[in-house]
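Numbering (the working numbering), first residue to last: 1 to 139. Have a look at the structure below, then the notes.
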Amino acid sequence: MKKIQWQDSLSVGIEPIDNQHKQWIQYFNNTTEAIASQQNRTQISKTLGFLIDYTEPHFSTEEKYMSGNNYPAFQEHKAKHDELKSTLARLVRDFEDEGITSNLAEAIDTFLGNWLIKHIQEVDMKFGAFIREKKIVIS
Ligand SMILES: [Fe+2]
Ligand SMILES: [Fe+2]
């Protein structure tokens, strides 16, 4: 399973958001670690729970900054968040029904890991650029 390493190229230049991304990556790594080391269902459920539960407040934080600063691509960005939220809800349902199957492990490892990195690098980064350009200070 994949581990994601935080690196400066992932920084969007907004400290509270970077900190949340670091935390999210940590929860992601804990989850793939729990799956890879074949921990029991309760432990995997716990790590997966932390990851899922962290997503909502993280997205809300970004959405609050975006709408509060009249970010023009707000709706578009929010739509991507909403899309992931429904995918996560599906993952959780699958986990509750069947535990960790190889399909689910693959979905978490590849889809979720890639989504996260790609979303930070492409979507969150654009918001970071907007904030810099407008010289808005978020701390
Ligand atoms: Fe984000
Ligand atoms: Fe985002």
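Cβ coordinates follow ideal geometry from the N, Cα and C atoms, glycine included.
- CA-to-CA, the gap between residue 21 and residue 99 works out to about 27 Å.
- When secondary structure is reduced to three states using DSSP, residue 40 falls in the coil class, being assigned neither helix nor strand.
- Ligand 2 has a heavy atom closer than 6 Å to the beta-carbon of residue 62.
- Looking from the CA of residue 107, the closest CA among 135, 33, 87, 45 belongs to 87.
- In this structure, residue 124 has its CB closer than 6 Å to one or more heavy atoms of ligand 1.
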